[in-house]
Amino acid sequence: MRKGTLLVLSGPSGSGKGTLVKEYTEKHEDVFVSVSATTRNPREGERYGVNYFFLTVDEFKKKIEENGFLEYAQFCENYYGTPRESVEKKLAEGMDVILEIDVQGALQVKENCPEAVLVFTLPPSYEILRERLIGRGTESMEVIEKRLSAATEELRQAMKYDYIIVNDKIEVAAEELGAILVASKCKKENNIDFIKEF
Ligand code: 5GP
Numbered sequence: 000m001r002k003g004t005l006l007v008l009s010g011p012s013g014s015g016k017g018t019l020v021k022e023y024t025e026k027h028e029d030v031f032v033s034v035s036a037t038t039r040n041p042r043e044g045e046r047y048g049v050n051y052f053f054l055t056v057d058e059f060k061k062k063i064e065e066n067g068f069l070e071y072a073q074f075c076e077n078y079y080g081t082p083r084e085s086v087e088k089k090l091a092e093g094m095d096v097i098l099e100i101d102v103q104g105a106l107q108v109k110e111n112c113p114e115a116v117l118v119f120t121l122p123p124s125y126e127i128l129r130e131r132l133i134g135r136g137t138e139s140m141e142v143i144e145k146r147l148s149a150a151t152e153e154l155r156q157a158m159k160y161d162y163i164i165v166n167d168k169i170e171v172a173a174e175e176l177g178a179i180l181v182a183s184k185c186k187k188e189n190n191i192d193f194i195k196e197f
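Numbering that gives the first Met the number 0 numbers the first residue of the sequence shown as 0 and each following residue consecutively.
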């Protein structure tokens, strides 16, 4: 059976990654969105196991020692990591998997799984990014400034990605994400077994 595509989606916080994934998965059920672990505090309305697995620093470190993460990174003073087991299982079952993770994590994934497809999302402009972060109202001004400076750093790495999606109109961005998944499925490298069998 053909393995699923591992699609890694990054972009500054406020770039609309979450909305993009939601828009795509509402119309496509055949994709698994990995739920990460983090040591940051839950925001209002966030639920354990739905948005994140919220762990203490000790719990997180234990999971690192057990090789339980496909990748992990520190972002704005908190740990974030992708649980290995569920992702590997879904890929082996032939399902596409989306990881919504930061640049450091994405580059680790690319190193360990070169066949992963890396997609970077951006809002139409820096001003819009700033407005979105402030408008969200979930972070203090200090945290927003930190996230904006992280965004500038992340942007420097965008050229290491395979695709860029400018997230202006959400339906268009979701279509582009779907097109990338279809293109990946049709790549010759992902059909070698089929060709041999044929
Ligand atoms: P937030 O705190 O806004 O939910 O996430 C902050 C950043 O951490 C975002 O860029 C998000 O994509 C990233 N992130 C979320 N989960 C993971 C993960 O499992 N690994 C890595 N490396 N980054 C993650």
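We put the beta carbon where it would ideally sit given N, CA and C, even for glycine.
Bridge partner(s) assigned by DSSP for residue i
{"i": "Tyr125", "result": "DSSP, once it has assigned bridges, lists no residue as partnering Tyr125."}
{"i": "Phe74", "result": "Asn77"}
{"i": "Glu99", "result": "Leu8"}
{"i": "Thr37", "result": "Phe53, Tyr79"}
{"i": "Phe119", "result": "Ser9, Ile163"}
{"i": "Tyr47", "result": "Tyr51"}
{"i": "Phe31", "result": "Val96"}
{"i": "Phe68", "result": "Pro82"}
Beta-carbon spacing of residue i, residue j below 9 angstroms
{"i": "Val34", "j": "Thr24", "result": "no"}
{"i": "Leu19", "j": "Val86", "result": "no"}
{"i": "Pro122", "j": "Gly13", "result": "yes"}
{"i": "Leu180", "j": "Val108", "result": "no"}
{"i": "Glu99", "j": "Lys16", "result": "yes"}
{"i": "Asn40", "j": "Phe53", "result": "yes"}
{"i": "Ile63", "j": "Val7", "result": "no"}
{"i": "Leu147", "j": "Arg129", "result": "yes"}
{"i": "Glu110", "j": "Asn189", "result": "no"}
{"i": "Ala157", "j": "Glu22", "result": "no"}
{"i": "Val30", "j": "Asp95", "result": "yes"}
{"i": "Glu152", "j": "Val102", "result": "yes"}
{"i": "Tyr160", "j": "Glu175", "result": "no"}
{"i": "Cys185", "j": "Val142", "result": "no"}
For residue j and residue i, believed in contact at Cβ under 8 angstroms, the rounded distance
{"i": "Arg83", "j": "Phe59", "result": "Going by Cβ atoms, the distance from Arg83 to Phe59 rounds to 14 angstroms, so no, they are not a contact pair."}
{"i": "Gly80", "j": "Ala36", "result": "5 angstroms"}
{"i": "Gly10", "j": "Thr137", "result": "Between Thr137 and Gly10 the Cβ distance is about 17 angstroms, and since that is not below 8 angstroms, they are no contact."}
{"i": "Val118", "j": "Ile191", "result": "Between Ile191 and Val118 the Cβ distance is about 23 angstroms, and since that is not below 8 angstroms, they are no contact."}
{"i": "Gly104", "j": "Tyr78", "result": "So it is not a contact: roughly 11 angstroms between Cβ atoms."}
{"i": "Arg1", "j": "Phe193", "result": "7 angstroms"}
{"i": "Thr38", "j": "Val56", "result": "5 angstroms"}
* Curious, which full-length alpha helix (DSSP H) runs of at least 4 residues does the stretch 140-193 contain? -> Correct list: 140-154, 169-185.
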